[in-house]
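Report on one structure; see the data block that follows.
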DNA sequence: GCCAACGTTGGC
DNA sequence: GCCAACGTTGGC
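In the working numbering, the protein residues as written are -15 to 136.
Set out below in structure tokens:
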């Protein structure tokens, strides 16, 4: 049974257009244990992903992706030149893991955060709740289905 | 650029 | 194990 997720990315860092041209990408650089645990323990190949642009004008869901590879150690944690380098992480016991995601679709018209907030059916979604900063969030099937139906 | 929310760190 | 200080996220 596939699960449903929302994954945030700042378009300046990695956008849906980049994913479209890359086809797949490692979701590296996650340095939050809750988000990591979702990737390590709960995400499975084939799970559905809402791709969300944060810190964008406007922020919102811009397209769809799927999980294409299970969690593996995040290579950026061992790369001294990476901004995600973590000196406390050991090769034999990596602290951070990440999944690979695959491009599925870019919405012609994104669904902005304002729009999500205005939808009665989506009022329980985590992403519209105040102070919700988690960059990977579980999404309910009904919310996912509703968004996919609206997204062109 | 501001700042509320909240996660992490480290002294005790 | 508490909690103050600090850092980051992300909407506005």
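By construction, the Cβ of each residue, glycine as well, lies at the ideal position given by its N, Cα and C atoms.
Where residue i falls, given that 16 or more other Cβ within 10 Å makes a residue buried
i	result
residue 110	exposed
residue 69	exposed
residue 125	exposed
residue 44	buried
residue 102	exposed
residue 1	exposed
Residue i and residue j closer than 8 Å at C-beta
i	j	result
residue 137	residue 31	The requested residue 137 is not part of the displayed model; the chain covers only -15 to 136.
residue 7	residue 91	no
residue 34	residue 89	no
residue 11	residue 24	no
residue 116	residue -10	no
Which listed residue (the options) has its alpha carbon closest to that of residue i
i	options	result
residue 52	77, 96, 83	83
residue 137	18, 102, -12	The question about residue 137 has no answer here: the residues shown for the chain are numbered -15 through 136.
residue 62	-1, -10, 75	75
Beta-ladder partner(s) of residue i, from DSSP
i	result
residue 141	Outside the shown range of the chain (-15 to 136) lies residue 141, about which nothing can therefore be said.
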